[in-house]
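Colleague: Protein chains in written order, with this note's numbering: chain U, 1 to 174; chain E, 175 to 575; chain S, 576 to 1226. Cβ atoms here follow ideal geometry from the backbone N, Cα and C, with glycine treated the same way. My questions will all concern the structure given below.
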Amino acid sequence: MALITERDRLREDVIAIAELTGFNRSSLIPILQEIKAKYGGIDSYAMQLIADVLDIHPVEVYGVATFYAFLRPETEGRFVFRLCRTLSCEFAGKDLVARQLREDLGLEFGETSPDGAFTLTWTNCLGMCDQGPAMLVNDRVYTQLTPAKVRTIVDEYRTLVEEQGVERVSERAR
Amino acid sequence: MTVQTVIETRVKGLTFATIPAGEGLAKALAMPRGDIIDLISDSKLKGRGGAGFPTGLKWNLAAAEKRTPKYLICNADEGEPGTFKDRVILTDYADLVIEGMTIGARAIGAALGLIYLRAEYAYLKPHLEEVIEARRGQGLLGKNIGGVDGFDFDVVVGLGAGAYVCGEETALIESLEGFRGEPRNRPPFPVVSGFLHRPSVINNVETLAWVACILAKGAEWFKSSGTATSTGRKLFSISGDCARPGVYEFPFGITIAELLEEVGGENAKAVQVGGASGRCVPRSAFSRRIAFEDVPTGGSIIVIGPGRDMLEVAHNLLEFFVDESCGQCTPCRLGNAKLLEGVEMLMEGTCTSEYLHDLRALCNTMQVASKCGLGQTSSVAFCSILDSFGDEILGHAGRVR
Amino acid sequence: MSELIETEFPPKGDKTYSPKRRAPLSQLFEPLAEPESLDAIGATVTVTIDGIETKVPFGTTILQAAKSLGIRIPTLCYHPDLEVAGICRICVVEVEGQRTLQAACSYPITAPIRVNTYSKAVRVARRHILDLLLSEHCGDCYTCIRNGNCELQALAEEYGVDKFRFGHPEVPVPVDTSSYSVVRDMNKCIRCRRCVRTCIDLQEVGVLEAVERSNKVRITTFLDKPLLNVVCINCGQCINRCPTAALYATPALHTVWEALDDPTKHVVIQTAPSPRAGMGELFGLPPGTSVTGEMNTALRRIGFDRVFDTNFAADLTIIEEGTELILRLYKALALGDKDVALPQFTSCSPGWVKYLEHFYPEYIPNLSSAKSPQQMFGALIKTYYAEKMGLDPADIVSVALMPCSAKKFECNRPEMWSSGYKDVDFGLTTRELGKMFHQAGIHLPSLPKSDFDSPFGTATGSGLIFGVTGGVMESALRTVLELVTGRKVESIYEQGDVIPVRGFQGIRYAEINVPEVGPVPDIVKHLVPDWNWLKGATLKVAVAHGTANAKKVMEDIKAGGHFSECHFIEFMACPGGCLGGGGQPIPTNAEIRAARAKAIYSEEKTLSVRKSYENPAVQRMYAEFLTDGPCGHKSHQLLHTKYRARGKFIE
Ligand SMILES: Cc1cc2nc3c(=O)[nH]c(=O)nc-3n(C[C@H](O)[C@H](O)[C@H](O)COP(=O)(O)O)c2cc1C
Ligand code: SF4
Ligand code: SF4
Ligand code: SF4
Ligand code: SF4
Ligand code: FES
Ligand code: FES
């Protein structure tokens, strides 16, 4: 049954990470990061599985995942656009950029596209304040954004999605 | 991808560029451990992460602890709005930082170093790991470092996950241990009981890089710039309404006016010094000096141009805190939201002066009764804006009923 | 990862760090190293609080020091049973020379300091904190179950809250009433996380946790599922430690009143031992005042047709469970059968039973199949008693007064219909019954005493001590030892007090020698063909209370440790046993629990019959009704049950 193999794959993944980082609570965040990067979200089963492997309670995993902005358990798009909304970027014109992103992605902030390709969200200062407005797409940073630049960037990611689909390839070096 | 992602931060006058890695550690390894701490204490180096705690004293406390293993943690969570100097240091001078960690480890007897890198800087992780690997190859990390028998130390990089409060040292430790990033009760301080309940020193990226420089050049060299209590030079992250934003190095004691001239922000109406948790300094106070004894900062300067609405500034900063408070203690968990609500009422003109007075008093409670530095400082900017720009805020028609 | 980090996890030989430690460390207060003796230099520090000087041991918190001086500092997130959190900040005080106020509950005194506990800054801060808490506190005191016994309400009164300075929410969030035992009304929650620390640290069940951050923080279950659908064991320990009405036991009192008002119903109540030791607290009596006789009178006054003593069924439980143990031991020791599930676990704590069903389902065969006393009694009331009285069981309403919230769940288990009817209709907590008495204008302490009703009469002391941790074990040992050795247990233990299993230590272990095998009484004689295999045997028994301790024992058993060699283990879900149950009066702390235990033990001393099998009503029951004896066919049908492997994964 497809369901079983999916779950088995998840278990293997979790254990593989725990083997690198240790079967202890300190591994919780690295595991969540990897699972999130690979699956886009952390579902109910994954949380319980992680809890089981680390011998903690599922509700604690839930508590941790909801605490960190980058570990939200909800499934997010393959590409997560995080636009900085903090002061320097606000001064640099983040509102115009935001409008363009909304338009080009067809999403409101906080939304994920139905095909699972994109998520648009706000974030706080990215440490690129001298080159605002700044945005992160997954681990990649874009600075000095203008509406025109946004259009090109979104187009490029769209092409990428058309070519590769929404299946994730873990981009983070393990 | 065609869109440029090269990071083009303007960097000016960095001492770090003139100090080759290796020199500091070599000198440290030739010294008795106690002398390293004495040298740092003598330099009067104060933490560059914002709080300005004397680094020598912190190390002394940790060195005096008998429990082992000890940990040395590099705080690379740089989340304070308007701060990006640590990013520049980690990109260009990671060697110096890791050298500083190694020196610190030697001084306090730490067995392991951890770099807590914020998730937003995940792209720096491979680079840092390369630097670490290279140093291992050179025998500068690992066993018997620099040929010194029994001096074992290694460094690993841990990633944050998007929480500003994890820059607070005890929250950082909680996060490293796999918990929600909620600050601990202090005392006990991390130097007594930190990561995994072991003595742990937490230092900012810049602090550690300066350590390497001080070892290389000596305490006198370091003290020759800055003021008597705020010795040395400091990296500033400058952004906002100015012609030449970037990372600059200035000696402590520089006035805000001098600094603004350097970066092309002379016509500023105010500057937000020290990020969101810092003070908003109005034009009339531009002669104030930047130093721990006058206007302290972790290095963030946001220039606020003449056309900006100060209420919008307060709104933006409070939005940040309402998002980033860990939500553990009452004053901060609920207080920030009340302040933000208050600013919104001011914007709509529905805030009575009586309520504004209540909010002002609430700020004071938040500053004295919150559990950690976040709640203790989140209302500082709002208060200073009220103080300096009261007329602007209240003058807007209908803002106060 | 480098080689080094692997060798450092967990740090070797560090007693303060356990990799399994569940509590978020932010919420732990780490006591500083304890000095060897108080005379040593630096072992004590001088502290001046509100101008009064005193010396306290190094590391004492300001809160403790103030208490020793008779100065009360308000608290909300602090609870003596739990780790210190330091998060509500209501306890802030001014420490001279410090820029900020300090939380008294978490500030250890390590150097001479001067403290002011009511300076202006302190008073203003406390008032602000209350104002802030009330700004998200949706509810009115007069419609609230904790009205009059609420820590938030008391402080609002104390600090003169006269308006909602920062607003007051109008629109409530939905209340979770899914559970048979615990209601979660998050409108009243002040995020003190006492329940979180209770459920995660104290009980190690791990149902409740804080999620999200900042002003979005809320206390909830895994994925916000209804309490019924998560691994909650219904112990109610969180209820007992919640300062407000955010958590409370699912009320049954209205339906019980309805039954009492209905003249066609025959309403009986069985009362467990622990409520008698706790009820007085609801009428201003000091903890540890036993009010058994007064309560019986009051129950009759409010209209119960019969008042029974659950201890009668506790005696039955002992016989049934003891018989089951003898049978298991016989198979294992005499016949050498390796598949017998030993150690046998007690099954009278429904919280513990559910805990095992969730977390150690593979050990269900070890659970005694005997029902808890409540459910045995329930089954007998609607069969034996109905028959005897000529009543239609459908007209009987059977109520159980329990110190426990999990009993409400237990009586609703679908397994508990052995009489053909719902064996126990309602579980009532001590708190609820207290409220009913108040509603009826009854001042309990001034009532005359009266006894329990026949045909079950007064039970033995063995049943009574079921209320204390170790009590089931002690009762079982008394009976088993006498049955088997033919000697009076008093000749083995002074006054028959099996001291090794008493006390409040989390886990206790004892070995009991069976010196001889005497004439075995008829009631059990036929069970096994021969009894000599027991001669010289050493019975290994253990007692654990609180599920955190139960977990330790279970993990040890899983690992094949020391406890896996035990024959019989008593488990109670609640710290202290039933007297600390989730239905007992609030507040609770170690002293209160100890006082209740004392009340139970001293009442027990006054009873003439202290061993279950000597109970004449029990003997009559086996002679008249359960004629095929303990663990016989009829008893299996009525007094035994089955369990379910629930597992900890939920869909
Ligand atoms: C809310 C909060 C956020 C902080 N963020 C950072 C940070 O991003 N980087 C940093 O170095 N220190 C940060 N700090 C300060 C640290 O707690 C700590 O004082 C510092 O890392 C110590 O290093 P130093 O002595 O070298 O400055 C923060 C403090 C608070 C209260
Ligand atoms: S002050 Fe704010 S960030 Fe700090 S512990 Fe309190 S709620 Fe958390
Ligand atoms: S919980 Fe307390 S303060 Fe809240 S409504 Fe009930 S009695 Fe009043
Ligand atoms: S009743 Fe017990 S198990 Fe359930 S939430 Fe409360 S403390 Fe946890
Ligand atoms: S439910 Fe009760 S104990 Fe739990 S956090 Fe809320 S108020 Fe505190
Ligand atoms: S304010 Fe946007 S990157 Fe710092
Ligand atoms: S009682 Fe001390 S902070 Fe809550």
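By how many angstroms is the C-alpha of T344 of chain E removed from the C-alpha of R151 of chain U?
Modeller: Taking the first residue of the first sequence as position 1, residue 151 of chain U is located at position 151. Taking the first residue of the second sequence as position 1, residue 344 of chain E is located at position 170. Taking the straight line joining both Cα atoms gives about 42 Å.
Colleague: Does the segment 771-786 of chain S come within contact of the segment 51-70 of chain U, defined as at least 3 CB pairs closer than 8 Å?
Modeller: Output reads yes: the segment 51-70 of chain U touches the segment 771-786 of chain S.
Colleague: Please list the terminal residues of the continuous alpha helix (DSSP H) segment that includes K1063 of chain S.
Modeller: As a working note, residue 1063 of chain S is residue 488 in the third sequence. Element bounds for K1063 of chain S: n/a, residue is neither H nor E.
Colleague: Helix or strand or just coil, what does DSSP make of E726 of chain S?
Modeller: What you label residue 726 of chain S is simply residue 151 of the third sequence in a count that begins at 1. Helix at E726 of chain S.
Colleague: In chain order, what residues of the same chain lie with their CB nearer than 8 Å to the CB of R1168 of chain S, ignoring the 5 residues before and after it?
Modeller: Position 593 of the third sequence holds residue 1168 of chain S. Excluding sequence neighbours, R1168 of chain S sits near F1079, P1150, G1151, L1154 and G1155.
Colleague: Throw me the rounded Cβ distance for the I247 of chain E and L288 of chain E pair, which I believe falls under 8 Å.
Modeller: What you label residue 247 of chain E is simply residue 73 of the second sequence in a count that begins at 1. What you label residue 288 of chain E is simply residue 114 of the second sequence in a count that begins at 1. Right, the Cβ-Cβ distance comes to about 5 Å (below 8 Å), so this counts as a contact.
Colleague: Does any residue of chain E have a CB that is nearer than 8 Å to the CB of I15 of chain U?
Modeller: By 1-based counting over the first sequence, the position of residue 15 of chain U is 15. It does not; no Cβ of chain E falls within 8 Å.
Colleague: Please indicate yes or no: does the CB of S88 of chain U lie closer than 7 Å to some heavy atom of ligand 6?
Modeller: On the first sequence, position 88 is the one that residue 88 of chain U refers to. Yes, the Cβ of S88 of chain U comes within 7 Å of a heavy atom of ligand 6.
Colleague: With contact counted as at least three CB pairs below 8 Å, one residue from each stretch, are the segment 700-708 of chain S and the segment 536-552 of chain E in contact?
Modeller: At 8 Å Cβ cutoff, the stretches touch.
Colleague: Please name the residue, chosen from S:T1122, S:L1058, S:V1064 and S:G645, that lies closest to P1096 of chain S on a Cα-to-Cα basis.
Modeller: The residue you call residue 1096 of chain S lines up with position 521 of the third sequence. Residue S:L1058 is the option with its Cα nearest to P1096 of chain S.
Colleague: Per DSSP, what kind of secondary structure is P606 of chain S in: helix, strand or coil?
Modeller: If you number the third sequence from 1, residue 606 of chain S lands on position 31. Model confidence at P606 of chain S stands at a pLDDT of 48, short of 50, so the residue's coordinates are unreliable and nothing is read from them.
Colleague: Cβ of L798 of chain S versus every heavy atom of ligand 6: is any distance shorter than 7 Å?
Modeller: Residue mapping note: residue 798 of chain S aligns to position 223 of the third sequence, counting from 1. No, the Cβ of L798 of chain S stays beyond 7 Å of every heavy atom of ligand 6.
Colleague: If you follow the beta strand (DSSP E) that W122 of chain U is in, where does it begin and where does it stop?
Modeller: Here residue 122 of chain U is taken as the residue at index 122 of the first sequence, counted from 1. That run of the beta strand (DSSP E) goes F118 to T123.
Colleague: Measuring from the CB of L96 of chain U, is there a heavy atom of ligand 4 at a distance below 7 Å?
Modeller: For the purposes of this step, residue 96 of chain U is identified with residue 96 of the first sequence, where counting begins at 1. Checking the Cβ of L96 of chain U against ligand 4 gives no.
Colleague: Taking A888 of chain S as the reference, which of S:L1003, S:F1031, S:L902 and S:D912 has the closest Cα?
Modeller: The residue you call residue 888 of chain S lines up with position 313 of the third sequence. Of S:L1003, S:F1031, S:L902 and S:D912, the residue nearest in Cα terms is S:F1031.
Colleague: Ordered along the chain, which non-local residues of its own chain (more than five positions away) have a Cβ less than 8 Å from that of D970 of chain S?
Modeller: Position 395 of the third sequence, counted from the start, is the residue given in the question as residue 970 of chain S. Excluding residues within five positions, the ones whose Cβ falls inside 8 Å are T839, K840 and H841.
Colleague: 8 Å is my cut-off, CB to CB: does V80 of chain U come that close to chain E?
Modeller: What you label residue 80 of chain U is simply residue 80 of the first sequence in a count that begins at 1. Closer than 8 Å: no.
Colleague: Does Q602 of chain S come within less than 8 Å of chain U when only Cβ atoms are used?
Modeller: Start at 1 with the first residue of the third sequence, and residue 602 of chain S comes out as number 27. At Q602 of chain S the pLDDT is 45, less than 50, meaning the model places this residue with poor confidence; the figure from the coordinates comes in the next sentence. No, Q602 of chain S does not count as interfacial toward chain U.
Colleague: Give the residues from the segment 691-725 of chain S that approach chain E closer than 7 Å (Cβ to any Cβ), ordered along the chain.
Modeller: Listed by position, the residues of the segment 691-725 of chain S near chain E (Cβ gap below 7 Å) are A696, V699, A700, H703, I704, L707, L708, S710 and E711.
Colleague: Step through the CB atoms of chain S and report whether any lies within less than 8 Å of the CB of R507 of chain E.
Modeller: Here residue 507 of chain E corresponds to residue number 333 of the second sequence, with the count starting at 1. Chain S contact via Cβ: present.
Colleague: According to DSSP, is Y682 of chain S part of a helix, a strand, or is it coil?
Modeller: Residue 682 of chain S sits at position 107 when you count from the first residue of the third sequence. In this structure, Y682 of chain S counts as coil in the three-state DSSP scheme.
Colleague: For E108 of chain U, count neighbouring Cβ atoms within 10 angstroms of its own Cβ and tell me buried if that reaches 16, exposed if not.
Modeller: Position 108 of the first sequence, counting from 1, holds the residue named residue 108 of chain U. Exposed is the call here.
Colleague: Residues in the segment 1167-1186 of chain S with C-beta within 8 Å of chain U's C-beta atoms, listed in sequence order?
Modeller: Those residues of the segment 1167-1186 of chain S that come within reach of chain U (Cβ to Cβ, closer than 8 Å) do not exist; the list is empty.
Colleague: Between F67 of chain U and G355 of chain E, how many whole angstroms is the CB-CB distance? I'm expecting something under 8 Å.
Modeller: Translated into the one-based positions of the first sequence, residue 67 of chain U becomes position 67. Translated into the one-based positions of the second sequence, residue 355 of chain E becomes position 181. Confirmed, Cβ separation roughly 6 Å.
Colleague: How many angstroms separate the CA atom of P687 of chain S from the CA atom of E498 of chain E?
Modeller: By one-based count along the third sequence, residue 687 of chain S stands at place 112. By one-based count along the second sequence, residue 498 of chain E stands at place 324. Roughly 36 Å separates the two Cα atoms.
Colleague: Does Y142 of chain U have its Cβ less than 8 Å from a Cβ in chain S?
Modeller: Along the first sequence, read from residue 1 onward, the residue named residue 142 of chain U stands at position 142. Judged by the 8 Å Cβ criterion, Y142 of chain U is not in contact with chain S.
Colleague: Alpha carbon to alpha carbon, what distance is there between G1093 of chain S and A1123 of chain S?
Modeller: Translated into the one-based positions of the third sequence, residue 1123 of chain S becomes position 548. Translated into the one-based positions of the third sequence, residue 1093 of chain S becomes position 518. Those two C-alpha atoms are separated by around 39 Å.
Colleague: What runs of the alpha helix (DSSP H), each 4 residues or longer, lie entirely inside the segment 63-147 of chain U?
Modeller: Fully enclosed alpha helix (DSSP H) runs of 4 or longer: 87-91 and 94-105.
Colleague: Do A516 of chain S and V915 of chain S have their CB atoms nearer than 8 Å?
Modeller: With chain S covering only 576 through 1226, there is no way to say anything about residue 516 of chain S.
Colleague: With burial defined as no fewer than 16 other Cβ atoms inside 10 Å of the residue's Cβ, what is the status of H531 of chain E: buried or exposed?
Modeller: Walking along the second sequence from the start, residue 531 of chain E turns up at place 357. Under this definition H531 of chain E is an exposed residue.
Colleague: In three-state terms, what does DSSP make of H371 of chain E?
Modeller: By 1-based counting over the second sequence, the position of residue 371 of chain E is 197. Helix, per DSSP.
Colleague: Out of curiosity, what's the CA-to-CA distance linking T685 of chain S and F369 of chain E?
Modeller: The sequence position of residue 685 of chain S within the third sequence is 110, counting from 1. The sequence position of residue 369 of chain E within the second sequence is 195, counting from 1. Taking the straight line joining both Cα atoms gives about 22 Å.
Colleague: I'd like to know whether the C-beta atoms of I412 of chain E and V477 of chain E end up nearer to each other than 8 Å.
Modeller: Your numbering for residue 412 of chain E matches position 238 in the second sequence. Your numbering for residue 477 of chain E matches position 303 in the second sequence. Yes, these two residues count as a Cβ contact at 8 Å.
Colleague: What residues of chain U sit near E252 of chain E, judged by a beta carbon separation below 8 Å?
Modeller: Locating residue 252 of chain E in the second sequence gives position 78, counting from the first residue. G127, listed in chain order.
Colleague: Give the DSSP bridge partners of H57 of chain U, in chain order.
Modeller: Your numbering for residue 57 of chain U matches position 57 in the first sequence. Paired residues: none, contrary to the question.
Colleague: Going by beta-carbon coordinates alone, are R766 of chain S and R816 of chain S separated by less than 8 Å?
Modeller: Numbered from 1 along the third sequence, position 191 holds the residue referred to as residue 766 of chain S. Numbered from 1 along the third sequence, position 241 holds the residue referred to as residue 816 of chain S. No; because the gap between Cβ atoms is not below 8 Å, this pair is not in contact.
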